[in-house]
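A quick write-up on the structure given underneath.
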Amino acid sequence: MPIAPIMQAMPRRLAQLYAGLILYGLSMALQVQAMLGLGPWDVFHEGVAEHTGLSFGMVVIATSFVVLLLWIPLRQMPGLGTISNALVVGLAADLGLSFIPEGTTLPVQVLMLAAGVGLNAVAGAAYLGANLGPGARDGLMTGFVKLTGASVGKVRTTIELSIMAIGFALGGTVGLGTIVYALSIGPLLQLMIPTFKAPAPVPA
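Per my numbering: the sequence shown = residues 389 to 592.
The following block contains the structure:
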């Protein structure tokens with residue numbers, strides 16, 4: 389692919405990346421405050437936060453950098469989007485938790501959950517579609533796929549069930565939201581990514 393269209397699209401890609409990451413963090417906060425259960429990684433983040441005294445967002449950031457260390461033996465290369473993801477999502481999540489109130493009735497909680505999962509998919513499609521590098525957790529998955537030769541579905545399920553079990557043991561919230569997220573996020577991302585897809589970078 390010629391490099392000119394990619395460079396011309398860079399301002400859009402950067403704006404899309406950072407808008408997506410900020411929205412991703414805010415959508416996580418919305419799901420936390422719905423109190424109906426979290427996605428697998430967020431169950432872990434919440435559980436660790438309860439035992440360390442760190443904020444939810446700080447645990448998200450710390451976990452991202454720990455996971456990035458696991459990229460080294462897997463020979464995964466981070467991009468701008470990878471490092472930005474590790475920092476921005478956690479900060480945005482803490483920002484959201486500072487002003488989004490807890491759901492007080494079941495209808496409000498369900499609405500918050502639905503909005504959180506839907507916005508999470510939009511945000512994920514935006515930052516992935518920017519083609520500036522996957523998040524730490526996505527890169528961990530693709531690294532293990534390359535290493536083991538197993539399918540994406542099998543590797544992702546194994547990682548997420550394992551991390552959710554650890555998070556649940558630490559006190560993270562598993563519930564309706566966990567099931568809704570697990571069943572819907574993949575199809576929603578698949579539906580939305582084409583809308584946000586930017587020109588891919590030129591191979592080195």
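Just so it is clear, CB atoms sit at the ideal spot from N, CA and C, and this is done for glycine as well.
Fair warning: this is a prediction, and the values are worked out from it, not measured in the lab.
- Message: Measuring straight from C-alpha to C-alpha, what distance separates G491 and L418?
- Response: So the alpha carbons of these two residues sit roughly 9 angstroms apart.
- Determine the direct distance from the alpha carbon of M398 to that of E434, and round the result to whole angstroms. Roughly 35 angstroms between the two C-alpha positions.
- Is R400 helix, strand or coil when you go by DSSP? Helix, per DSSP.
- Looking at C-alpha atoms only, which residue of Y515, L535, G560 and A553 is the closest neighbour of R401? Of the listed residues, the one whose Cα sits closest to R401 is Y515.
- Message: Determine whether the beta carbon atoms of I449 and L475 lie at a separation below 8 angstroms.
- Response: The answer is yes: Cβ separation under 8 angstroms.
- Pick out whichever of W459, S443, Q421 and L414 has its Cα sitting closest to the Cα of G523. Measuring from the Cα of G523, the nearest candidate turns out to be W459.
- Message: For a quick check, are the C-beta atoms of L426 and T561 less than 8 angstroms apart?
- Response: Yes, the Cβ-Cβ distance between L426 and T561 is below 8 angstroms.
- Message: According to DSSP, simplified to helix, strand and coil, what is K585?
- Response: DSSP places K585 in coil when its eight states are reduced to three.
- Item | Beta-carbon contacts of S572 that lie in its chain and below 8 angstroms, excluding the five residues immediately before and after | Excluding sequence neighbours, S572 sits near V505 and A509.
- Message: In whole angstroms, give me the CA-to-CA distance for T583 and V420.
- Response: About 27 angstroms.
- Span of the alpha helix (DSSP H) around M529: Note, M529: alpha helix (DSSP H), A524 to T536.
- Write down the C-beta distance between R525 and V455 rounded to the nearest angstrom, noting that I regard them as a contact closer than 8 angstroms. Right, the Cβ-Cβ distance comes to about 6 angstroms (below 8 angstroms), so this counts as a contact.
- Task: Could you tell me whether the Cβ atoms of G478 and M446 are closer together than 8 angstroms?
- Result: Against a cut-off of 8 angstroms, the Cβ pair of M446 and G478 comes out as a contact.
- Item | Endpoints, the alpha helix (DSSP H) within which T546 is located | Boundaries of the alpha helix (DSSP H) harbouring T546: V540 to A557, taken from the DSSP string.
- Burial state of P428, where buried means 16 or more other Cβ atoms lie within 10 Å: The residue is buried, with at least 16 neighbouring Cβ atoms inside 10 Å.
- Residue environment, T493, which counts as buried when at least 16 other CB atoms sit within 10 Å: That one is exposed.
- Item | C-beta contact flag for L462 and L535 at 8 angstroms | Less than 8 angstroms separates the beta-carbon of L462 from that of L535.
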